[in-house]
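Visitor: From first to last, the protein sequence lines stand for chains A and B. Under this note's numbering, the first sequence has 177 at position 175, and the numbering climbs by one with no breaks. Under this note's numbering, the second sequence has 20 at position 16, and the numbering climbs by one with no breaks. All C-beta atoms, glycine included, are put in the ideal place defined by N, C-alpha and C. Sharing a structure with you now.
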Amino acid sequence: MNRTTAQVHGWLLLLPTAVLLAAFTHYPAVATLWHSFFSTPKPARPAAFTGLENYRVLYEDPVFWQSLTNNFWFALGTIPASIGLALLMAIWVNGRLKGEIRGRAFLRLAFFTPTVLPMVAVANIWLFFYTPQYGLLEQITALFGLPNHNWLGSQSTALACLMVVTVWKEAGFFMIFYLAALQGVSPNLYEAARIEGASAWTMFRRITFPLLMPTTLFVLVNAVINSFRLVDHIVVMTRGGPDNATSLLLYYIYEVGFKFWDSSYAASLTMVLLLILAAAAVIQFGFLERRIHYR
Amino acid sequence: MTRTLETAGTWLLGILWILPLAYALWAAFHPSEYSTHFTLSAPLTMENFGVAWNAAPFARYFVNTILLVTLILAAQLVLCTLAAYAFARYEFPGRDIAFALVLVQLMVMPDVLIVENYRTMSQLGILDSIPAIGLPYMASAFGVFLLRQTFKSIPKELDDAARVEGASALQVLWKVYVPLAVPTYIAYGLVSVSYHWNNFLWPIIVTNTVNARPLTVGLQVFSSTDQGIDWSIICAATLMTSAPLLVAFLLFQRQFVNLSCARE
Numbered sequence: 003m004n005r006t007t008a009q010v011h012g013w014l015l016l017l018p019t020a021v022l023l024a025a026f027t028h029y030p031a032v033a034t035l036w037h038s039f040f041s042t043p044k045p046a047r048p049a050a051f052t053g054l055e056n057y058r059v060l061y062e063d064p065v066f067w068q069s070l071t072n073n074f075w076f077a078l079g080t081i082p083a084s085i086g087l088a089l090l091m092a093i094w095v096n097g098r099l100k101g102e103i104r105g106r107a108f109l110r111l112a113f114f115t116p117t118v119l120p121m122v123a124v125a126n127i128w129l130f131f132y133t134p135q136y137g138l139l140e141q142i143t144a145l146f147g148l149p150n151h152n153w154l155g156s157q158s159t160a161l162a163c164l165m166v167v168t169v170w171k172e173a174g175f176f177m178i179f180y181l182a183a184l185q186g187v188s189p190n191l192y193e194a195a196r197i198e199g200a201s202a203w204t205m206f207r208r209i210t211f212p213l214l215m216p217t218t219l220f221v222l223v224n225a226v227i228n229s230f231r232l233v234d235h236i237v238v239m240t241r242g243g244p245d246n247a248t249s250l251l252l253y254y255i256y257e258v259g260f261k262f263w264d265s266s267y268a269a270s271l272t273m274v275l276l277l278i279l280a281a282a283a284v285i286q287f288g289f290l291e292r293r294i295h296y297r
Numbered sequence: 005m006t007r008t009l010e011t012a013g014t015w016l017l018g019i020l021w022i023l024p025l026a027y028a029l030w031a032a033f034h035p036s037e038y039s040t041h042f043t044l045s046a047p048l049t050m051e052n053f054g055v056a057w058n059a060a061p062f063a064r065y066f067v068n069t070i071l072l073v074t075l076i077l078a079a080q081l082v083l084c085t086l087a088a089y090a091f092a093r094y095e096f097p098g099r100d101i102a103f104a105l106v107l108v109q110l111m112v113m114p115d116v117l118i119v120e121n122y123r124t125m126s127q128l129g130i131l132d133s134i135p136a137i138g139l140p141y142m143a144s145a146f147g148v149f150l151l152r153q154t155f156k157s158i159p160k161e162l163d164d165a166a167r168v169e170g171a172s173a174l175q176v177l178w179k180v181y182v183p184l185a186v187p188t189y190i191a192y193g194l195v196s197v198s199y200h201w202n203n204f205l206w207p208i209i210v211t212n213t214v215n216a217r218p219l220t221v222g223l224q225v226f227s228s229t230d231q232g233i234d235w236s237i238i239c240a241a242t243l244m245t246s247a248p249l250l251v252a253f254l255l256f257q258r259q260f261v262n263l264s265c266a267r268e
């Protein structure tokens, strides 16, 4: 096969994927930017170029700022917790390094099941847990003689409740990646450390944790993306309320785009989300990747 | 001492984690008056499932979801295989840039481009159809990346040998690469099916009738409007919609774990 034929073949093989990606990833990303400079077309009035008008509105929109702030708190609250728990779960159910914990298979199953269940379905169950008066959480707090509290209906606790659901849903998924990585850590390292008289904590800090660093990075990137991508439970549980206390950026985009049907403003909101994701990518590849030890 | 504490901690976390599912099972299999109080004498019943099944067109939702995940998976397997083969074994101008452009989708997923993709679907005139839900996901950066890694690990000699015997490019792909990548296909298939079985935001946006709604959207419509707050029936519906995935997961546990190995 000569060189030119090989080149043509290469492109032909790639073509279907390239066309679909261009149509549903690259084009919409560019079109988002383009449409954010126009007004939303109405039956009587076609779209008009308005320059940065949408961004001025955005800058002065308190709901946008609240969604953005909520989203940062949401990310900050869910990412470290789910990664930390995932690591802990993996070490606990790994059981290759020290004596078995009884019922390891059951535990692994328990940790992982939330991941395979649809978020919409489990959000319904959690909705019951948080229900005022006769919900499970209320029944438990009542046992301790605590006063009634509307967990999802109060601005101070609603977002935290959703964070709990997210951590619960994601930790088991990340655990799987840590489990796989732990299989690759040589037991000799721990042997050697034990001979040196290292404590369990020192072994974790000096052996396990550094060797798991590439996995942590991978999981971290996923967790960051998910914290800006996953809003199913908000649609089911709070619809962004009470008073926008649980509105996240993507949920607000959904509301503006498909409840208020203001597609241009939704486009400029999407630009903010795209910028955040781009920043995450740059930080990942430009900065973190260089500082991490690879085998 | 530390051991005991650790075991206790693990079990506490495990029980906490299984609690929502355990509750759903409790509520779904008992009459609704027992859905909020727990006593061993509560009688078992299957009635909630029947009520839920008849209260909404779940049969149709099941058909839609199965069509949807099959359509997406079939397209993904074909497209990703071809693209991954190109990236793994061909030299062509612009390959590295093309690969970088593919990887963009790992960060900018279709889930966040809802506004513009909706516009596209409406221009194509296919709103409220199953292909409209599936189209943005058919080219998958994750799948291309995963299969490229697998194909690269297959010895080039096998490829050369087949070509010496006169096999065409597609024959080599089909006879040499695809059979050796079966574990990757299974793992990727499981992830894809569970992702799209569970997907919600984009389907709720592009569908508005029973004809195209998948299970997740149907469940949401059902539990938010038709039902009020009969937890037993909501839990029965919830279990019904997730059961096939749960069963699949129990059968394929090992492959799920293998996927995370394949990544490295």
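Please compile the residues from chain A whose C-beta is within a distance smaller than 8 Å of the C-beta of alanine 102 (chain B).
Guide: Near alanine 102 (chain B) (Cβ distances below 8 Å), the residues of chain A are Leu16, Ala20.
Visitor: Indicate whether isoleucine 93 (chain A) and threonine 218 (chain A) have their beta-carbon atoms separated by less than 8 Å.
Guide: Their beta carbons are not under 8 Å apart, which means isoleucine 93 (chain A) does not touch threonine 218 (chain A) by this criterion.
Visitor: Apart from the five residues just before and just after glutamate 257 (chain A), which ones in its own chain have a Cβ nearer than 7 Å to its Cβ?
Guide: Here the set comprises Gly242.
Visitor: Determine the DSSP secondary structure at phenylalanine 40 (chain A), reduced to helix, strand or coil.
Guide: Three-state result, phenylalanine 40 (chain A): strand.
Visitor: Looking at C-beta atoms only, is the number of pairs between the stretch 164 to 179 of chain A and the stretch 198 to 213 of chain A that lie closer than 8 Å three or more?
Guide: Contact between the stretch 164 to 179 of chain A and the stretch 198 to 213 of chain A is absent, because fewer than three Cβ pairs lie under 8 Å.
Visitor: Roughly how many whole angstroms lie between the Cα atoms of histidine 151 (chain A) and valine 238 (chain A)?
Guide: Their backbone Cα atoms lie some 20 Å apart in a straight line.
Visitor: From alanine 216 (chain B) to isoleucine 130 (chain B), what does the alpha carbon distance come to, in whole angstroms?
Guide: Going from the Cα of alanine 216 (chain B) to the Cα of isoleucine 130 (chain B) covers about 11 Å.
Visitor: Alpha carbon to alpha carbon, how far is leucine 117 (chain B) from phenylalanine 74 (chain A)? Give it in angstroms, no decimals.
Guide: Rounded to whole angstroms, phenylalanine 74 (chain A) to leucine 117 (chain B) spans 20 Å at the Cα level.
Visitor: So what's phenylalanine 262 (chain A) in DSSP terms, helix, strand or just coil?
Guide: Coil.
Visitor: So that I know if they touch, is there some Cβ in chain B lying closer than 8 Å to that of arginine 231 (chain A)?
Guide: Yes, because at least one Cβ of chain B sits closer than 8 Å to the Cβ of arginine 231 (chain A).
Visitor: Please report whether the beta-carbon of aspartate 234 (chain A) lies at a distance below 8 Å from any beta-carbon of chain E.
Guide: Given the protein chain composition of this structure (A and B), no chain E is represented.
Visitor: Is the Cβ of tryptophan 21 (chain B) closer than 8 Å to any Cβ of chain A?
Guide: Closer than 8 Å to some Cβ of chain A, the Cβ of tryptophan 21 (chain B) qualifies, so yes.
Visitor: Got a sec? Which residues, its chain only, sit under 8 Å from leucine 110 (chain B) by beta carbon, not counting five neighbours each side?
Guide: For leucine 110 (chain B), where only same-chain residues beyond five positions count, the Cβ hits under 8 Å are Ala145, Phe146, Phe149.
Visitor: Please classify glycine 53 (chain A): is it buried, with 16 or more other beta-carbons within 10 angstroms of its beta-carbon, or exposed?
Guide: Per the 10 Å Cβ criterion, exposed.
Visitor: By the criterion of Cβ-Cβ separation under 8 Å, what are the contact partners of methionine 111 (chain B) in chain A?
Guide: The contacting residues are Ile227, Leu279, Ala280, Ala282, Ala283.
Visitor: I want to see whether chain A comes within less than 8 Å of arginine 123 (chain B), judged by CB atoms only; does it?
Guide: Yes - at least one Cβ of chain A is within 8 Å of the one on arginine 123 (chain B).
Visitor: Indicate whether isoleucine 138 (chain A) and phenylalanine 146 (chain A) have their beta-carbon atoms separated by less than 8 Å.
Guide: Residue identity check: residue 138 (chain A) is leucine in the sequence provided, not isoleucine. Cβ distance not < 8 Å, so leucine 138 (chain A) and phenylalanine 146 (chain A) don't count as in contact.
Visitor: Which one or two residues does DSSP pair with alanine 51 (chain A) in a beta bridge?
Guide: The identity of residue 51 (chain A) in the sequence shown is phenylalanine, whereas the question assumes alanine. DSSP output for phenylalanine 51 (chain A) lists A:Phe40 as bridge partner(s).
Visitor: Helix, strand or coil for tryptophan 15 (chain B) per DSSP?
Guide: It is helical.
Visitor: Short of 8 Å in beta carbon distance, which residues of its chain neighbour methionine 50 (chain B), apart from the five on each side in sequence? Order them along the chain.
Guide: Excluding sequence neighbours, methionine 50 (chain B) sits near Phe33.
Visitor: Taking 7 Å as the cut-off, is the CB of serine 265 (chain A) close to at least one heavy atom of the ligand FMN?
Guide: Within the structure as shown, the ligand FMN is missing, as the structure has no ligands at all.
Visitor: What do you reckon, are the CB atoms on threonine 69 (chain B) and leucine 255 (chain B) nearer than 8 Å?
Guide: No; because the gap between Cβ atoms is not below 8 Å, this pair is not in contact.
Visitor: Which whole-angstrom value describes the C-beta separation of valine 233 (chain A) and leucine 213 (chain A), a residue pair presumed to lie in contact below a C-beta threshold of 8 Å?
Guide: Not confirmed; about 35 Å, so no contact.
Visitor: Helix, strand or coil for serine 36 (chain B), going by three-state DSSP, please let me know.
Guide: Correct three-state label for serine 36 (chain B): helix.
Visitor: Compute the distance between the beta-carbons of alanine 83 (chain A) and valine 169 (chain A), then report whether it is under 8 Å.
Guide: Yes, they are a contact pair.
Visitor: Should alanine 77 (chain A) and glutamine 157 (chain A) be called a contact, given that it needs their Cβ atoms to be closer than 8 Å?
Guide: Not in contact: alanine 77 (chain A) and glutamine 157 (chain A) (Cβ atoms no closer than 8 Å).
Visitor: Which chain A residues sit within Cβ distance under 9 Å of tyrosine 192 (chain B)?
Guide: None at all; the shortest Cβ gap to chain A is about 14 Å.
Visitor: Cβ closer than 9 Å: which chain A residues qualify as neighbours of valine 202 (chain B)?
Guide: Just to set this straight, residue 202 (chain B) is asparagine in the shown sequence, not valine. What asparagine 202 (chain B) touches in chain A: Val118, Leu119, Pro120, Met121, Val122, Ala123, Asp234.
Visitor: From leucine 2 (chain A) to proline 135 (chain B), what distance separates their C-alpha atoms?
Guide: Only positions 3 to 297 of chain A appear in the structure, and residue 2 (chain A) is not among them; the question remains open.
Visitor: Locate the alpha helix (DSSP H) running through tyrosine 89 (chain B), then write down its first and last residues.
Guide: From DSSP, the alpha helix (DSSP H) with tyrosine 89 (chain B) extends over 62 to 93.
Visitor: In chain order, which continuous runs of the alpha helix (DSSP H) of length 4 or greater are located wholly inside the stretch 103 to 151 of chain A?
Guide: You should have 106 to 118, 121 to 132, 138 to 145.
Visitor: Terminal residues of the continuous alpha helix (DSSP H) containing serine 229 (chain A)?
Guide: It spans 215 to 231 - the alpha helix (DSSP H) in which serine 229 (chain A) sits, taken as one unbroken run.
Visitor: Return the chain-ordered list of same chain residues with a C-beta closer than 6 Å to the C-beta of phenylalanine 175 (chain A), the five sequence neighbours on each side being excluded.
Guide: Cβ neighbours of phenylalanine 175 (chain A) beyond the five flanking positions: Thr117.
Visitor: Less than 8 Å between CB atoms is the rule here; does asparagine 96 (chain A) satisfy it with respect to chain B?
Guide: False, the Cβ-Cβ gap to chain B never drops below 8 Å.
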